[in-house]
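A.B. asks: Protein chains in written order, with numbering that gives the first Met the number 0: chain F, 0 to 230; chain A, 0 to 230.
Protein chains: 2
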Amino acid sequence: MTGKKVLVVDDDAKTVELVKLYLNRDGYRVITAGDGNEALRLARENSPDLIVLDLMLPGISGLEICRILRDESDVPIIILTALTTDDDRLKGLDLGADDYVTKPFSPRELAARVRAVLRRLPGERGPEKIQHGGLIVDFLKHEAFLEGKPLNLTPIEFKLLGALVKEPGRVFSRAQIIDKALGHDFNGFDRTIDVHILKLRRKLEPDPHHPRYLKTVYGAGYKLLENTGET
Amino acid sequence: MTGKKVLVVDDDAKTVELVKLYLNRDGYRVITAGDGNEALRLARENSPDLIVLDLMLPGISGLEICRILRDESDVPIIILTALTTDDDRLKGLDLGADDYVTKPFSPRELAARVRAVLRRLPGERGPEKIQHGGLIVDFLKHEAFLEGKPLNLTPIEFKLLGALVKEPGRVFSRAQIIDKALGHDFNGFDRTIDVHILKLRRKLEPDPHHPRYLKTVYGAGYKLLENTGET
DNA sequence: TCTTTGTTTTAACAATATCTTAACATTTAT
DNA sequence: ATAAATGTTAAGATATTGTTAAAACAAAGA
Chain F
0 MTGKKVLVVD DDAKTVELVK LYLNRDGYRV ITAGDGNEAL RLARENSPDL IVLDLMLPGI
60 SGLEICRILR DESDVPIIIL TALTTDDDRL KGLDLGADDY VTKPFSPREL AARVRAVLRR
120 LPGERGPEKI QHGGLIVDFL KHEAFLEGKP LNLTPIEFKL LGALVKEPGR VFSRAQIIDK
180 ALGHDFNGFD RTIDVHILKL RRKLEPDPHH PRYLKTVYGA GYKLLENTGE T
Chain A
0 MTGKKVLVVD DDAKTVELVK LYLNRDGYRV ITAGDGNEAL RLARENSPDL IVLDLMLPGI
60 SGLEICRILR DESDVPIIIL TALTTDDDRL KGLDLGADDY VTKPFSPREL AARVRAVLRR
120 LPGERGPEKI QHGGLIVDFL KHEAFLEGKP LNLTPIEFKL LGALVKEPGR VFSRAQIIDK
180 ALGHDFNGFD RTIDVHILKL RRKLEPDPHH PRYLKTVYGA GYKLLENTGE T
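1. For A:Y221 and chain F, any beta-carbon pair shorter than 8 Å?
2. Along chain F, in chain order, which residues have C-beta atoms closer than 7 Å to that of A:N151?
3. Excluding the five sequence neighbours on either side, which residues of its own chain have a C-beta within less than 8 Å of the C-beta of A:I77, listed in chain order?
4. If we count Cβ pairs, one from each stretch, closer than 8 Å, do we get three or more for the segment 166 to 174 of chain A versus the segment 208 to 225 of chain A?
5. Between the C-alpha atoms of A:E156 and A:E204, what's the straight-line distance to the nearest angstrom?
6. Label F:F185 either buried or exposed according to how many other C-beta atoms from any shown protein chain fall within 10 Å of its C-beta, with 16 as the threshold for buried.
7. Chain F beta carbons: is any one of them nearer than 8 Å to that of A:G26?
8. Have a look at F:I67 and A:D11 and give me their C-alpha separation to the nearest angstrom.
9. Per DSSP, what kind of secondary structure is F:E108 in: helix, strand or coil?
10. Residues of chain A with a CB under 9 Å from the CB of F:L139: which are they?
11. For F:Y21, which three-state DSSP category applies?
12. Measuring CA to CA, which of F:D9, F:P75, F:A81 and F:R107 is closest to F:D25?
13. What residues from chain A crowd round F:D97, counting only those whose CB sits closer than 8 Å?
14. Taking C-beta to C-beta, are F:H131 and F:L159 nearer than 8 Å?
15. Rounded to a whole number of angstroms, what is the C-alpha to C-alpha distance between A:D70 and A:E63?
16. Tell me the DSSP secondary structure of F:H131 in three-state form.
17. So what does DSSP say about A:A219, is it helix, strand or coil?
18. Cβ of A:A133 within 8 Å of Cβ of A:L150?
19. Give the interface partners of A:H131 over in chain F, defined as CB-CB distance under 8 Å, in chain order.
20. Count the other CB atoms within 10 Å of the CB of F:V8; is the residue buried (16 or more) or exposed (fewer)?
21. Does F:F171 come out as helix, strand or coil in the three-state DSSP assignment?
22. Exposed or buried, which one is F:P103 when buried takes at least 16 other CB atoms within 10 Å?
23. Rounded to whole angstroms, what's the CA-CA distance from A:S72 to A:A42? Just pull it up for me.
24. In this structure, what does DSSP give as the bridge partners for A:V100?
25. Identify whether A:D70 lies in helix, strand or coil by the three-state DSSP scheme.
26. Cα-Cα, which of F:K4, F:N36, F:L17 and F:V18 is closest to F:Y27?
27. Would DSSP call F:E146 helix, strand or coil?
28. Helix, strand or coil for A:L152 per DSSP?
29. From this set, F:H209, F:R200, F:T14 and F:K198, which residue's C-alpha is nearest F:T80's C-alpha?
30. Against F:P207, what residues of chain A qualify as contacts under a CB-to-CB distance less than 9 Å, listed in chain order?
31. Specify the secondary structure class of A:L56 as computed by DSSP and reduced to three states.
32. Within a Cβ cutoff of 8 Å, which residues of the same chain sit near F:I30, ignoring the five residues on either side of it in sequence?
33. Consult DSSP for A:K140 and reduce its assignment to one of helix, strand or coil.
34. Does the beta carbon of F:R114 sit closer than 8 Å to a beta carbon anywhere in chain A?
35. Of all the CB atoms in chain F, is at least one closer than 8 Å to the CB of A:N186?
Written out as structure tokens, the structure is:
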């Protein structure tokens, strides 16, 4: 399931269930929290892709949570609030919320906003093309070349090579590779990386058994050689 | 400071401050106006690189200002509006606005749109006609041709092809296609794009099962091939 | 207004492509 | 030599995309 993870925070169980129902229907994975502390804990443990946050919470206030979360990550936040004065709205947006919905709300509308925010945010940054020796990785075109010849990479192979080529010479542990290339929501086995490396080598090494680009560092991980020249 | 100059026009001081805060954070120099006359004056005196313009203004209306500014220069304009009927939105874009954001809005999103508009700035207003290999897309006449033969495209198909042909070779995710071709108020499913792609292929590919123009990039999205040549 | 017509969206299923895992083989360091 | 780490293989599990048809929607004309 490709579904993004959404954390829904509200002290009213009925509201939570309703929202969950609609978001599930849209293919999102939903985790829920009923108070501020739980919300913070779940946010930290699960690194959701988006948070729907009620402002009126027992314990820590929603605004406070919003502020804390904003400090810790860039996760998009949609505020749920019964308060309707401009003041409160702006306070929320000022704290970095991405949208807000006032109670009483239509779950359909909330679902639409969730979709909209998730669609918009994955934004820019990072170079769009890297050349390293005879290797070219073009992120915009989603193509990679070696000595002018196109490499036919699968999504993961592409991401993996992309991560390595951003810091040639640096050794990446399997865990780091998973982090940089596959994202936090990957939950698989370390050694899966080995297989992807193997496949990559087959595609870009002249002699896969004696890698010239993609070196193994025994006990540490893998690296892309910085000096692209000969042995 | 290399920062581009942005003029923000809104009668609500809080909104102005909020926007200013976010734009400053992005390294832009921000000047502000609270009504239409001031906006026109500042625009003429400071020739900003971009204008964020609220439609609801005391004095001259935002639409009127948009029209006047458009007559006087090519400065990009992003419209801020609480109006949500299609009519008003289209009126704005008709007058030459480059993008619009509906209130209530997320300052983060606005900032992102400012970046987006300024990024494609040197590329001005976009050509009114693009030829790419045997493909011609005429935005003025709203017509497209392949090898001289007219393609009978529906509105969405036309927009979709138009978005792709502006950057041949570049891969667009479904979300990006939605943003570029359908507008950010589209509230539909990602996979709707697949169907439009399918229909497009049927109209412009000699053999839709082996696309020569409209390629799928597994796990990433779709692209228009840059080299339009033979097999 | 009510049809009619064409378009867009969605849901379901089929066809592919890719990923993960587990098992076993090989290499490396000590 | 042996234990630990990495290489390799291949099959089952997952994910992604292609395709179809019907429902929802919108535009245009009677």
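Note that CB positions come from ideal geometry on N, CA and C, so glycine has one too.
C.D. replies: On the basis of the supplied data:
1. By 1-based counting over the second sequence, the position of residue 221 of chain A is 222. So, not an interface residue.
2. By one-based count along the second sequence, residue 151 of chain A stands at place 152. None at all; the shortest Cβ gap to chain F is about 29 Å.
3. If you number the second sequence from 1, residue 77 of chain A lands on position 78. Cβ neighbours of A:I77 beyond the five flanking positions: L49, I50, V51, L52, A96, D97, D98, Y99, V100, L109, R112, V113 and V116.
4. Contact holds: three or more Cβ-Cβ distances are below 8 Å.
5. Taking the second sequence and counting its residues from 1, one reaches residue 156 of chain A at position 157. Taking the second sequence and counting its residues from 1, one reaches residue 204 of chain A at position 205. For A:E156 and A:E204, the distance between alpha carbons rounds to 14 Å.
6. Working through the first sequence from its first residue, we reach residue 185 of chain F at position 186. With fewer than 16 other Cβ atoms within 10 Å, it is exposed.
7. Within the second sequence, numbered from 1, the residue matching residue 26 of chain A stands at position 27. It does not: the Cβ of A:G26 has no partner Cβ on chain F nearer than 8 Å.
8. Here residue 67 of chain F corresponds to residue number 68 of the first sequence, with the count starting at 1. Here residue 11 of chain A corresponds to residue number 12 of the second sequence, with the count starting at 1. Going from the Cα of F:I67 to the Cα of A:D11 covers about 28 Å.
9. In the first sequence, counting from the first residue as 1, residue 108 of chain F sits at position 109. Three-state result, F:E108: helix.
10. By one-based count along the first sequence, residue 139 of chain F stands at place 140. Here the neighbours are E166, G168, R169 and V170.
11. As a position in the first sequence, residue 21 of chain F is number 22, starting the count at 1. Three-state DSSP puts F:Y21 in a helix.
12. Taking the first sequence and counting its residues from 1, one reaches residue 25 of chain F at position 26. The option with the nearest alpha carbon to F:D25 is F:R107.
13. Within the first sequence, numbered from 1, the residue matching residue 97 of chain F stands at position 98. Per Cβ cutoff of 8 Å: S105, R107 and E108.
14. Walking along the first sequence from the start, residue 131 of chain F turns up at place 132. Walking along the first sequence from the start, residue 159 of chain F turns up at place 160. Not in contact: F:H131 and F:L159 (Cβ atoms no closer than 8 Å).
15. Taking the second sequence and counting its residues from 1, one reaches residue 70 of chain A at position 71. Taking the second sequence and counting its residues from 1, one reaches residue 63 of chain A at position 64. Taking the straight line joining both Cα atoms gives about 11 Å.
16. Against the first sequence, residue 131 of chain F aligns to sequence position 132. DSSP places F:H131 in strand when its eight states are reduced to three.
17. Here residue 219 of chain A is taken as the residue at index 220 of the second sequence, counted from 1. If DSSP states are grouped into helix, strand and coil, A:A219 belongs with coil.
18. Counted from its first residue, the second sequence places residue 133 of chain A at position 134. Counted from its first residue, the second sequence places residue 150 of chain A at position 151. First, the residue type needs correcting, since residue 133 of chain A is Gly and not Ala in the sequence shown. Contact check for A:G133 against A:L150 fails: the beta carbons are separated by 8 Å or more.
19. Counting from one through the second sequence, the residue named residue 131 of chain A turns up at place 132. Near A:H131 there are no residues of chain F at all, since even the closest Cβ is about 15 Å away, more than 8 Å.
20. Reading the first sequence from its first residue, position 9 is the one you call residue 8 of chain F. F:V8 comes out buried.
21. Here residue 171 of chain F refers to the residue found at position 172 of the first sequence. Note: F:F171 maps to strand in three-state DSSP.
22. The residue given as residue 103 of chain F occupies position 104 in the first sequence. By the neighbour-count rule (16 or more Cβ atoms within 10 Å), F:P103 is not buried but exposed.
23. Here residue 72 of chain A is taken as the residue at index 73 of the second sequence, counted from 1. Here residue 42 of chain A is taken as the residue at index 43 of the second sequence, counted from 1. If you draw a straight line from the Cα of A:S72 to the Cα of A:A42, it is about 10 Å long.
24. The count along the second sequence starts at 1 and reaches residue 100 of chain A at position 101. Answer is A:L79, bridged to A:V100.
25. Numbered from 1 along the second sequence, position 71 holds the residue referred to as residue 70 of chain A. Three-state DSSP puts A:D70 in a helix.
26. Mapped onto the first sequence, residue 27 of chain F falls at position 28. Here the closest residue by C-alpha is F:K4.
27. By one-based count along the first sequence, residue 146 of chain F stands at place 147. If DSSP states are grouped into helix, strand and coil, F:E146 belongs with coil.
28. Indexing the second sequence from 1 puts residue 152 of chain A at position 153. In this structure, A:L152 counts as coil in the three-state DSSP scheme.
29. One-based indexing of the first sequence puts residue 80 of chain F at position 81. Nearest of F:H209, F:R200, F:T14 and F:K198 to F:T80, Cα basis: F:T14.
30. Position 208 of the first sequence, counted from the start, is the residue given in the question as residue 207 of chain F. None at all; the shortest Cβ gap to chain A is about 23 Å.
31. What you label residue 56 of chain A is simply residue 57 of the second sequence in a count that begins at 1. It is coil, neither helix nor strand.
32. Taking the first sequence and counting its residues from 1, one reaches residue 30 of chain F at position 31. So the qualifying residues of the chain are K4, V5, L6, V7, L41, N45 and P47.
33. Position 141 of the second sequence, counted from the first residue, corresponds to residue 140 of chain A. In the structure shown, A:K140 sits in coil (DSSP, three-state: anything other than H, G, I, E or B).
34. Along the first sequence, read from residue 1 onward, the residue named residue 114 of chain F stands at position 115. Yes - at least one Cβ of chain A is within 8 Å of the one on F:R114.
35. Reading the second sequence from its first residue, position 187 is the one you call residue 186 of chain A. At least one chain F Cβ lies under 8 Å of A:N186.
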